[in-house]
Structure formats: structure tokens, C-alpha cells
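Please read the structure below before turning to the comments.
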Amino acid sequence: MSEHTWRSRIEGTLRRRGDPDYETARTRALWNELKPDRYPDVIVHAACERDVQEALRPAVASGLRVAVRAGGHSWCDSPLRDGGVLLDLSGLNQWKIDADSATATVQPGVIGSRFAGELARRDLAFPAGHCPSVALGGYLLSGGLGWNSGLWGVGCASVLEITAVTADGEVLRCTEHEHPGLFWAARGAGPGFFAAVTSFRVRLQPRPTALATTSYTFPLTTVGPVADWATETERALPANVELSFLLAGEDVPGVTNGPRPKVVVVTATAFANSRGEAVDALRPLRNCPLKERPLTRRLDEPTSLAALYDASRNLWPEKHRYVADTLWSDEDYASLLTKLGDTFAKAPSGRSVVLAPFSPASQEDELLRNMAFSVLGESYVVPYAVWSDPAHDDVNVHWLRDAMRTVEPCGTGHYIAEADLTADPSRARRSFAAADWDRLQSLRAEYDPRSLFFSYLSA
Ligand SMILES: Cc1cc2nc3c(=O)[nH]c(=O)nc-3n(C[C@H](O)[C@H](O)[C@H](O)COP(=O)(O)OP(=O)(O)OC[C@H]3O[C@@H](n4cnc5c(N)ncnc54)[C@H](O)[C@@H]3O)c2cc1C
């Protein structure tokens with residue numbers, strides 16, 4: 270197919286390397302300001318589902334490989350590859366909500382917080398990601414550790430059906446019963462999925478009407494006893510309370526507020542249906558027996574989804590440079606966070622953080638059935654190097670890698686959505702249970718035998 274015909278068949282836009290606005294389109298594809306030197310030959314912005322097929326057909330004919338993008342929030346910039354086609358689906362950003370059946374059909378470019386806002390107006394909810402600007406596409410494909418996932422499960426547990434365009438250009442509707450292998454892979458394979466998803470049908474939840482938060486901030490030096498206390502207390506919390514640890518640097522607004530030493534924050538948010546239920550749910554955290562005095566203590570404060578998203582915005586500011594990585598481990602939080610805390614004390618950027626959310630489910634949970642995503646350990650940590658000056662790239666990347674080295678020996682796996690897939694080629698494989706990884710390889714061979722779709726970065 271000639272270049273002219275290709276362009277004319279696409280309702281959206283097609284840019285080639287060398288076109289005047291190519292570089293803007295390439296860098297805008299990524300939320301992270303740290304842009305890798307990887308250059309696709311062609312960037313297609315799909316305007317409609319048919320564009321996806323129209324973009325794939327010439328790619329197949331000319332042997333170009335394809336990378337898919339939805340919201341561009343991959344920390345390691347996985348939609349950007351050298352050569353081939355970058356198929357940008359951010360323009361597929363429509364949803365249709367059916368309140369009667371409590372289901373919705375969403376396209377991959379739908380931004381989680383916008384969808385959540387629209388649902389809230391109808392007294393419905395969905396376990397979207399914690400960052401307000403993450404798109405549902407990459408998030409749901411990776412598993413999705415989102416709001417209230419202790420009760421609702423990871424995001425992909427709510428996916429009932431997907432529509433995907435496969436490497437041979439077919440449009441497939443996939444459910445537990447139709448193309449069950451592709452459906453299984455779409456629930457967790459993440460940035461190595463081997464088809465382009467054009468829509469998800471998802472189950473919705475009733476909106477929790479009373480949200481409340483309890484939080485304690487302590488000096489970082491007390492992280493061990495703080496983690497022991499919170500871990501013990503977490504066992505007494507109901508499933509609708511989300512508990513996490515945050516190691517925060519000096520410059521994280523809303524947390525440290527100025528030139529304070531680094532801190533560890535314990536935050537618990539209850540997603541309840543009345544003020545009384547929320548306060549009851551948070552009651553186990555009311556008394557903290559530690560002899561260390563907290564720097565701040567906030568009990569049962571009413572909150573809202575909008576306020577939670579604001580806090581996430583402070584944690585992950587836009588227009589910053591990031592490297593992130595993840596680790597599942599069977600070691601307890603006190604031990605993991607003490608090791609990380611020592612390195613964190615030396616973090617070169619006061620913006621960097623380490624997040625450690627309690628696992629949304631146990632390995633045996635029914636909500637984790639039939640998906641490529643797995644909970645791979647009892648504890649889970651995510652260090653983020655966050656900075657803004659390009660002159661500090663090396664020192665921050667080194668710090669993040671050093672931090673990971675302190676805990677990797679006790680690791681049992683990674684979470685594919687936030688793992689640094691550029692760090693080492695085994696990261697992708699170790700993000701899945703061994704049998705699941707093997708199944709993903711067989712399914713890829715079945716659905717994409719000529720590897721039209723790029724696989725994991727550095728896999
Ligand atoms: C600030 C921030 C906060 C985050 N918070 C959370 C969180 O709370 N919980 C969580 O689980 N994750 C979180 N993440 C990670 C996030 O879920 C993943 O990076 C996810 O891939 C982002 O989705 P996206 O559509 O923006 O991804 P993109 O960068 O657009 O895509 C990532 C990869 O997904 C694949 N992909 C995307 N869309 C499609 C599609 N339609 N069809 C086929 N393949 C596709 C591609 O392989 C692509 O390389 C966060 C990321 C950021 C930057």
C-alpha cells in the first residue's frame with residue numbers, strides 16, 4: 270500500500286519520522302519527562318476503532334512491528350520503540366455506562382479519574398488507578414492496583430469482556446468463554462500484550478458514600494517499629510480499608526511541608542457507606558502504642574475521591590523525570606522498609622518516594638481467578654526516583670537502582686505495570702508465576718506468530 274493510500278484510509282493522523290511535527294508527537298506520547306532515545310518510523314493516532322485495523326494492515330504488509338499506546342503513563346516508556354509503528358489509541362476515549370446492569374464499555378484512552386467522576390454522578394464506582402491521569406488501557410491490561418482493591422479486587426478482575434484487533438487484523442470479542450486464552454492474557458499481561466484492545470466491558474460497583482482517612486507521620490528513623498505496628502494492625506482492618514506506607518522526601522507537598530527530615534507515613538482510607546461505618550473500620554488504628562511520638566496524627570478525617578486524587582497529584586507531579594521499580598517479597602514490611610529506608614535517607618532528590626501498599630488480595634483470593642496477573646508475595650514495595658533537572662539524571666537513576674539492590678535478594682517477583690523493564694531482561698519473566706509466563710509465550714505464538722506486536726522492553 271502506498272504512503273498516500275495509507276494516510277487516506279486513516280481518519281486520524283499518520284506522521285513519519287522526518288515530518289515537522291513528528292518529534293512533538295513522539296515526546297508527547299510519554300507522560301514521563303525522561304524521554305528515551307527511541308524513534309518509531311511511523312506514529313498513527315487512531316480516531317476510531319476502524320483506524321486500528323487500517324494501521325495494522327500496512328504494518329503487516331511491510332514488516333513493520335507495532336507498539337500500542339493508550340495514556341502514555343508507562344514509567345519505562347514502553348510504547349516508544351525503535352522503528353515500527355507507534356499506534357496511539359488515546360483518541361479512543363469514549364465510555365457507555367449501563368446503570369441498570371452496573372456495567373460499562375470503556376475505550377482504552379479513557380482517563381481513570383474522569384471515568385470515576387462520571388460514575389460518581391450516577392452513584393457508581395470502579396477500581397481505577399490512584400493517579401488521576403492514568404488511562405484505563407495500560408492500567409487494566411497490567412492488572413491494575415487501584416482504589417479499594419481489597420474489596421473490589423484489582424482493576425482487571427472487573428473486566429468482563431474485551432474487544433481486540435489481532436495481528437492478522439481480525440476483530441475478536443473475548444470473554445471467559447470466547448477466546449478465553451486471549452481474555453486471560455488481557456487481564457495482566459501488560460506491556461507485552463499481543464493484540465490491540467479497542468474496548469473493555471467492565472463491572473461497576475455501588476459508590477461508597479463515606480470516605481475517611483487516618484494517617485500518622487513519623488521520622489524515617491523509626492520505620493522498623495512503625496511498620497511492625499501497622500502490619501499487625503492491618504490484620505484487624507476490614508477489606509474496605511486501604512493501608513499503605515509512604516517514605517517521603519523533604520520536598521513532597523502535603524506530606525513533609527518544608528525542610529523536615531525524611532518521614533514514614535502510614536495512611537489508611539476507608540471506603541464506607543456511612544460515617545459510622547468508616548470510623549468503625551478505622552478504629553484499630555486509633556491508638557498507636559509506639560513510644561515514638563508521631564510528627565502528625567490525623568484520625569478519621571472525612572475525605573473524598575477528589576481529595577485522594579489531589580494527594581496522588583502531589584506524589585507524582587507532572588513534568589518531572591521518573592524512574593520506578595517494583596518488588597514483591599515474602600519478607601515483612603519492617604525488614605523491607607528498614608533496608609529501603611537506609612538507602613532512602615541518602616536519596617539525592619527530596620521529591621523521591623517509596624510506596625508500599627498492602628496487597629489487595631491474598632494469593633488464593635477468588636478475585637484473582639482466571640488472569641495473567643498474580644500477587645507474587647506477601648509484601649509489595651515501589652521506589653520512585655522523582656526529579657526535574659536533566660543534569661541530575663544519572664545520580665537519580667543510580668540511586669533507584671541502588672535502592673532496588675538492597676531489597677532484590679529477598680524479592681519474589683515484580684509488578685509488570687511499574688517494573689523497570691529496562692533494568693534487566695528477566696524483569697518481565699519474573700513479573701509472572703512460572704506457569705503463567707509459559708502460557709503467555711504459547712498464547713503469543715498462537716495469536717501473533719510473526720511477532721507483529723513488540724514484546725516486553727528488554728525481554
Ligand atoms: C503517575 C502514575 C501513577 C500510577 N499509579 C498506578 C496505580 O495506582 N496502580 C497501577 O496498577 N498502576 C499505576 N501506574 C502504572 C500504570 O498503570 C501503567 O504504567 C499503565 O501501563 C499505564 O497505562 P497507559 O495506558 O497510560 O499506558 P501506556 O504507556 O500508554 O501503555 C503501556 C503499555 O501498555 C500496552 N497497552 C496500552 N494500551 C493498550 C491497548 N489498548 N492495547 C494493547 N496494548 C496496550 C502497551 O504495550 C504499552 O506499551 C501509574 C503510573 C503513573 C505514571
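Numbering (our numbering), first residue to last: 270 to 728.
Ideal Cβ placement from N, Cα and C applies to all residues, glycine included.
For residue 401, no alpha helix (DSSP H) encloses it, and the DSSP letter there is neither H nor E. The residues 373, 374, 375, 376, 379, 384 and 387, in chain order, have a CB closer than 8 Å to that of residue 364 in the same chain once the five nearest residues on each side in sequence are set aside. Not one heavy atom of ligand 1 sits closer than 7 Å to the Cβ of residue 325.
When DSSP states are grouped into helix, strand and coil, residue 439 belongs to the coil group. Check the Cα spacing between residue 506 and each of 478, 420 and 454: the tightest is with 420. If only complete runs of 3 or more residues are kept, the stretch 366-422 shows the beta strand (DSSP E) at 372-375, in order along the chain. DSSP places residue 599 outside both helix and strand once states are collapsed to three, so it counts as coil. Here residue 702 has 643 as same chain residues with Cβ atoms under 6 Å from its own Cβ, once five neighbours each way along the sequence are excluded.
For residue 580, the distance from the CB to the nearest heavy atom of ligand 1 is not below 7 Å.
Listed in chain order, the non-local C-beta contacts of residue 614 below 7 Å within the same chain comprise 489 and 531, local neighbours out to five positions each way being set aside. For residue 579, the enclosing alpha helix (DSSP H) begins and ends at 574-584. With contacts defined by Cβ atoms closer than 8 Å, residue 406 and residue 466 form a contacting pair. One thing to note: residue 381 has its Cβ no nearer than 8 Å to the Cβ of residue 359. Ranking 320, 275 and 352 by CA distance to the CA of residue 286 puts 352 first. In its chain, beyond the 5 residues on either side, 302, 303 and 656 have a beta carbon closer than 6 Å to the beta carbon of residue 590.
In the DSSP assignment, residue 502 falls within the alpha helix (DSSP H) that extends over 492-503. Taking 7 Å as the cut-off, the C-beta of residue 555 does not count as close to any heavy atom of ligand 1.
Cβ neighbours of residue 458 within its own chain (closer than 7 Å, five residues either side excluded): 410, 641 and 709. Taking C-alpha positions only, residue 610 is separated from residue 354 by approximately 42 Å.
A distance below 6 Å between beta-carbons, with the five flanking residues on each side excluded, links residue 463 to the following residues of its chain, in chain order: 713, 716, 717 and 722. Only residues of its own chain outside the window of five on either side were considered, and among them 541, 542, 543, 544, 546 and 547 have a CB closer than 7 Å to the CB of residue 479, listed in chain order. With a cutoff of 8 Å on beta-carbon distance, residue 399 and residue 581 are scored as near each other. Unbroken beta strand (DSSP E) runs of no fewer than 3 residues, entirely contained in the stretch 599-660, are found at 622-626 and 648-656, following chain order. Counting other Cβ atoms within 10 Å of its Cβ, residue 293 stays below 16 and is therefore classed as exposed. By the C-beta density criterion, residue 556 is exposed, having fewer than 16 other C-beta atoms within 10 angstroms.
Look at residue 627: its beta carbon is at least 7 Å from all of the heavy atoms in ligand 1. In this structure, the CA atom of residue 396 is about 14 Å from the CA atom of residue 637.
Scanning its chain for C-beta atoms nearer than 8 Å, with the 5 sequence neighbours on each side dropped, one finds around residue 573 the residues 480, in chain order.
Residue 618 is positioned such that its CB atom lies no closer than 8 Å to that of residue 523. Residue 470 counts as buried, since at least 16 other C-beta atoms from the protein chains shown sit within 10 angstroms of its C-beta.
Below 8 Å, enough C-beta pairs join the stretch 312-320 and the stretch 270-289 to call them touching: three or more.
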